[in-house]
Structure formats: C-alpha cells, structure tokens
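Below is one structure, written out as structure tokens, with a few remarks after it.
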Amino acid sequence: AAGVIQSPRHLIKEKRETATLKCYPIPRHDTVYWYQQGPGQDPQFLISFYEKMQSDKGSIPDRFSAQQFSDYHSELNMSSLELGDSALYFCASSLGLRTLDIQYFGAGTRLSVL
Amino acid sequence: AQKITQTQPGMFVQEKEAVTLDCTYDTSDPSYGLFWYKQPSSGEMIFLIYQGSYDQQNATEGRYSLNFQKARKSANLVISASQLGDSAMYFCAMREGEEYGNKLVFGAGTILRVKS
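Line by line, the protein sequences give chains Z and C.
The opening position of the first sequence corresponds to residue 111 in the numbering used here, with each subsequent residue numbered one higher.
The opening position of the second sequence corresponds to residue 789 in the numbering used here, with each subsequent residue numbered one higher.
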C-alpha cells in the first residue's frame, strides 16, 4: 500500500539559509500534519491542513510557513534557519479530521543546520 | 500537567516473551483517542494500534494489544511473543476531541530492547 512520501530524506543547510520540505500524502487522504522531533525528544505538532485550508496550528515559528496544494501535497518552508532547527521533520496524513482518524507518518526529513 | 506519561525510559525483554509498556494520560475531554507508534533506529514512525475513549473492548492488532483502563486513565501496550525486530522506541500519543485541535500529543517514549 502507498505510504506518505517525504522529500528530501536528508538536508544539510547553513545558518540563515532557507529550506523547503515536501510531503505527498497517502492517496485520497485529505489532511496533512507536520511534526518536529528534536534529538532524543518526542514529536511536537507544528501545523495541519484539511482540504487545503489550515486546520490547526501548534508551536510553529514565524520563520516557518506551510501550505497544502490542490493535489493535497504539502510543503513546509523554513527561512532564516537556526542551529536549533536541526531535527527530524515528519509529515503525516489522514482521511478526515476526526479524533480517531489515524495519522500515518512518512519516513521523515532529517534537517541538519550547520 | 503532562498529557501523556510514559514512566519507563527503557525496557528489556527476552525474545518470545510478552512485555507491557506503560502509558497514562490526562484529559477532561470525554472524547479522545489513544495511539501507539513504533520508531525504529532508522527513524520512521510506524502506527501500531489505537483505542477510542468510547470503545468497550480493548483493541488488538496481531501481536499488539492495548490494555485500556479508563478509570485509571491508562492505555498500556502489550506485545506478545517479542521478536528481535521489536527493538525500537515506542511512543504513546493522545488526540482529544476536534475542539482541541488536530494534534497528536506524544509521551516521552520507551526504548524497548529484545534480547536473544
């Protein structure tokens, strides 16, 4: 079965650079979520989209922005990168926004900021 | 207060034995879901099993079962017949009703090591 696809899998950037992470949800899934997992930490929710509209916002820095496109893929744009942005970034997708709609995660993008 | 608490930072289990990973949660919302995910050393996050707050029966999925005790606010994961491939980090997560947003809130995780 098709899973959530994230690209790139690894990304190395310098401080103050920008990065764009892409997420392709499971086919027919209409909801996308972004999470950030720092080293040795649990994932933290950043933002989510349902039917191309922002549906919830967590602890996402103002330097980050995201959107969901007409084909339901999503992109997380990160500007003015800081060393503390180094983390594993997960995208997850679900069919629907209900409490018990399972969020399936991609393999993650590992971002290293030097 | 912590929404999800996993008190076992690390666990060892002998191959073929059963193991229970603890998870307690805190919410005043009557409608919520509890989820378990597995994160191997390669980093991906794999969904294992979930339980809804209104479900009367404990969830089961192959070798995974969820021991849901609502009054105690616990949702422990039981892995039967452990395999070497079960060695990973395990996260318990909760999602509350729609009015609380869409996010999963995770516990700190438990590292499980299966010994041969």
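The C-beta atom is built at its ideal place from N, Cα and C for all residues, glycine as well.
Using a 10 angstroms sphere on the CB of Ile122(Z), the tally of other CB atoms stays under 16, which defines it as exposed. Look at Asp814(C) here: in three-state DSSP terms it is coil, with no helix or strand label. Excluding its 5 nearest sequence neighbours in each direction, Lys891(C) has C-beta neighbours in its own chain below 8 Å: Arg883, listed in chain order.
Close to Tyr838(C), with beta-carbon spacing below 7 Å, are these residues of chain Z in chain order: Leu210, Ile212. For the region 132–220 of chain Z, the full-length beta strand (DSSP E) segments reaching 3 residues or more read 141–147, 154–160, 163–167, 174–178, 184–188, 197–204 along the chain. Residues of chain C with a Cβ closer than 8 Å to the Cβ of Arg220(Z) are, in chain order, Gly831.
For Ala847(C), no Cβ of chain Z is located within less than 8 Å of the residue's own Cβ.
Taken in chain order, the complete beta strand (DSSP E) segments of 3 residues or longer contained in the region 833–862 of chain C are 834–840, 852–857. Contacts between Gly168(Z) and chain C, judged by CB atoms closer than 7 Å, involve Lys891 in chain order.
Sequence-distant Cβ neighbours of Met188(Z) in its own chain, meaning closer than 6 Å and more than five residues away, are Ala129, Phe174. Here Gly821(C) carries a strand assignment [DSSP, helix/strand/coil]. At a beta-carbon threshold of 8 Å, the residues of chain Z lying near Phe835(C) are Ile212, Gln213, Tyr214, Phe215, ordered along the chain. Taking the Cα positions, Ser841(C) is about 27 Å away from Gly113(Z). The beta carbon of Glu192(Z) sits closer than 7 Å to those of Lys125, Val223, all from its chain and outside the five residues before and after it, given in chain order.
For Gly889(C), the three-state secondary structure derived from DSSP is coil. With a threshold of 16 other beta carbon atoms within 10 Å, Met833(C) meets it and is buried. Judged by beta-carbon spacing, Val902(C) lies beyond the 8 Å limit of Leu865(C), meaning their Cβ atoms are not closer than that value. Put simply, the CB of Phe179(Z) is far from chain C, with every gap to its CB atoms at 8 Å or more. Closest option to Ser875(C), judged by alpha-carbon separation, among Tyr820(C), Thr815(C), Gly798(C): Gly798(C).
With distances taken between CA atoms, Phe200(Z) lies nearest to Ser158(Z) out of Ser158(Z), Gln164(Z), Met163(Z).
A distance of 8 Å or more separates the beta carbons of Ala197(Z) and Gln116(Z). Close to Leu207(Z), with beta-carbon spacing below 9 Å, are these residues of chain C in chain order: Glu886, Asn890.
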